[in-house]
Amino acid sequence: MIKLSFHGACREVTGSCNLLDHEGKKFLVDCGIFQGERFAAERNLEDFHFDPAEIKYVFLTHAHVDHCGRLPKLYKDGFRGQIFCTEPTRDLVEIMLLDAARIIAHEALAGGHEALYTEEDVAGLMNHFELLPYDQISFIDDNIKVKFRDAGHILGSAFIEFYILDEGREKKLVFSGDLGNSPSPIIRDLEFADGADYVVAESTYASGVHETKEAGVEKLREAIIETVGLGGVLMIPIFVIEKTQEILFELNYLMENKKIPRVPIFLDSPLAIRAVEIYRHFEDLYNRNSWNLIQSGDDIFDFPGLKFTLTKEESKKINVTQPPKVILASSGMCVGGRIPFHLKLNLDNKRNHLLFVAYQAQGSLGRKIMQGDRTVFIDNQSVEVLAKVSVINSFSSHADGPRIMDWLQHIKGPKPKTIFVSHGEEESSQFLAEKVIKDLKVKAVVPESGMVYEL
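Have a look at this one:
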């Protein structure tokens with residue numbers, strides 16, 4: 058018998074962690090941190106609801122920390138099994154987790170509590186990674202086979218097809234991970250699953266419809282032109298992986314085609330700069346358009362006026378540069394990284410503009426500003442929000458409702474027995490579950506955290 062339980066991302070977006078138990082052999086799909094809301098830090102410190110030492114395998118869909126961020130804690134608490142993922146995911150995970158460990162150490166010291174994990178835990182964890190290719194069946198043991206398929210979400214992302222021999226027959230489980238908002242300007246499109254008995258599907262934007270990519274690029278162009286005209290500062294909080302690269306790609310296009318004026322643009326995130334370098338190593342995973350641009354000699358992540366600010370000293374010099382200027386800085390939810398510093402300096406000026414291009418978790422600083430809070434606290438300092446605030450959702454790396462349904466409808470073969478809907482706020486998850494039941498005539502479940510489902 059196969060047992061499936063959920064230990065994160067239930068009626069919420071962060072903390073993905075799914076446990077499979079097959080005849081006593083236990084393995085995880087993802088092990089991410091909780092983000093955003095007030096008690097996220099406390100939840101991350103809690104003990105796992107299973108024994109990490111009993112976990113034989115971890116299958117990792119991609120490198121965003123809400124999917125990989127608790128892996129070092131898993132290792133610290135006794136895990137010594139194998140972690141399977143694609144090569145780009147492994148490389149991106151390493152820089153993400155080392156950065157997280159440094160932040161965690163600083164916060165633990167300031168708060169007087171034990172760190173969730175250390176850089177030494179990350180180093181030990183990295184010895185347990187095993188790389189798997191896309192689109193090939195890999196034999197994990199006598200009863201388990203897997204195939205990693207391109208999810209089109211970020212570089213190296215995958216949805217995972219499991220083939221598990223159970224009670225004399227093969228059962229197929231598909232875990233969506235995060236489905237991409239294809240077509241991406243850089244990476245390849247989302248693939249479709251080759252059949253499934255059971256599906257675990259994400260629902261981040263299941264109740265919404267993204268605007269077109271063209272509309273999003275036009276909004277970005279207008280924001281830059283307006284900010285330049287006002288002599289202001291355009292601030293764009295960015296996620297390190299994919300969001301950074303997509304925004305750079307579009308800015309490169311706008312600059313090369315003289316659709317925006319020459320203006321200083323700063324990428325103020327050491328981690329994002331490292332991620333760009335990793336992206337450069339995997340051009341074979343780009344889509345045809347990006348590949349052709351590179352072959353023609355175009356550097357899709359560089360253009361006149363762009364400045365990478367790696368050190369703190371370089372970052373501080375941004376403030377010496379007179380407006381107009383554009384600042385791309387992490388984190389995407391305005392929690393941590395260098396963006397809070399820029400917000401403190403620039404939010405209280407009507408000439409300035411804060412442009413959100415990424416998901417904002419409940420309770421995050423970004424969510425509060427996006428929802429209309431006119432006064433926020435940054436580093437215990439009260440800051441008035443006078444800057445213009447706007448949102449572009451077409452840069453999302455997540456599929457919207459129609460794309461998720463299209464992916465589910467294109468699963469080959471007989472209909473799945475059950476689709477489990479996770480990785481979404483309750484409204485989105487319930488919306489997708491009801492749509493699956495109505496349109497696909499398939500049983501859909503919005504799982505409860507810790508609940509065990511027999512497959």
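Going by this note's numbering, the first residue of the sequence shown is number 58, and it counts up by one from there. Quick reminder that beta carbons are idealized off the backbone N, C-alpha and C, glycines included.
query                                                                                                                                                                     : result
What separation, rounded to the nearest whole angstrom, lies between the Cα atoms of F365 and L350?                                                                       : 22 Å
Excluding sequence positions up to five away, which residues of its chain have a Cβ less than 6 Å from the Cβ of P327?                                                    : L367
When the Cα atoms are used, what is the spatial distance from D430 to V442?                                                                                               : 7 Å
Taking Cβ positions, are V122 and G81 nearer each other than 8 Å?                                                                                                         : no
If L247 and G237 are in contact, beta carbons under 8 Å, what's the gap, nearest whole angstrom?                                                                          : 5 Å
In the DSSP assignment, what are the bridge partners of Y132?                                                                                                             : DSSP lists no partner for Y132.
Taking three-plus beta-carbon pairs below 8 Å as touching, is the stretch 477-495 in contact with the stretch 443-452?                                                    : no
Would you mind sorting D108 into buried or exposed? The rule is 16 or more other CB atoms within 10 Å of its CB.                                                          : exposed
Quick one: what does DSSP say N349 is sitting in, helix, strand or coil?                                                                                                  : helix
According to DSSP, simplified to helix, strand and coil, what is I298?                                                                                                    : coil
Hey, could you find the ends of the beta strand (DSSP E) G82 is sitting in?                                                                                               : Residue identity differs from the one stated: residue 82 is Lys in this sequence, not Gly. That run of the beta strand (DSSP E) goes K82 to V86.
Around the Cβ of D436, are there at least 16 other Cβ atoms within 10 angstroms (buried) or fewer (exposed)?                                                              : exposed
List the whole-angstrom C-beta distance separating S454 from K270, where the pair is believed to meet the contact cut-off of C-beta under 8 Å.                            : So it is not a contact: roughly 12 Å between Cβ atoms.
Given this structure, state the Cα-to-Cα distance separating D496 from L342, to the nearest angstrom.                                                                     : 34 Å
Please classify M427: does DSSP put it in a helix, a strand, or coil?                                                                                                     : helix
Where DSSP assigns a beta bridge to K472, which residues make up the other side?                                                                                          : None, per the DSSP bridge assignment.
With burial defined as no fewer than 16 other Cβ atoms inside 10 Å of the residue's Cβ, what is the status of H410: buried or exposed?                                    : buried
Run the CB neighbour count on Q302, radius 10 Å, all protein chains shown included, and call it buried at 16 or more, exposed below.                                      : buried
Are G138 and I161 close, meaning C-beta to C-beta below 8 Å?                                                                                                              : no
CB T118 to CB A263, shorter than 8 Å?                                                                                                                                     : no
Output needed for M153: all residues of its chain with C-beta closer than 6 Å, excluding positions within five of it in sequence on either side, in chain order.          : A120 and V122
Using C-beta distances below 6 Å, list every residue in its chain close to F525, excluding the 5 sequence neighbours before and after it, in chain order.                 : No statement about residue 525 is possible, as the shown extent of the chain runs from 58 to 512 and does not include it.
DSSP three-state label for L291, please.                                                                                                                                  : strand
Under DSSP, the alpha helix (DSSP H) around C125 begins and ends at which residues?                                                                                       : V122 to C125
Output yes or no for whether 8 Å exceeds the beta carbon distance between A125 and V86.                                                                                   : Reading off the sequence, residue 125 comes out as Cys, not Ala. Cβ atoms of C125 and V86: not closer than 8 Å.
Whole angstroms are fine: how far does the CA of F306 sit from the CA of I468?                                                                                            : 32 Å
Put I197 into one of helix, strand or coil per three-state DSSP.                                                                                                          : coil
Taking the alpha-carbon of D325 as reference, which of P380, S388 and R278 has the nearest alpha-carbon?                                                                  : S388
Specify whether the stretch 206-224 and the stretch 173-182 touch according to this definition: at least 3 beta carbon pairs, one from each stretch, less than 8 Å apart. : no
Run through the stretch 382-452 for me and flag every whole alpha helix (DSSP H) of 4 or more residues, listed as ranges in chain order.                                  : 396-403 and 422-427
Using alpha carbons as the reference points, say which of S353, K401 and R408 lies closest to L287.                                                                       : R408
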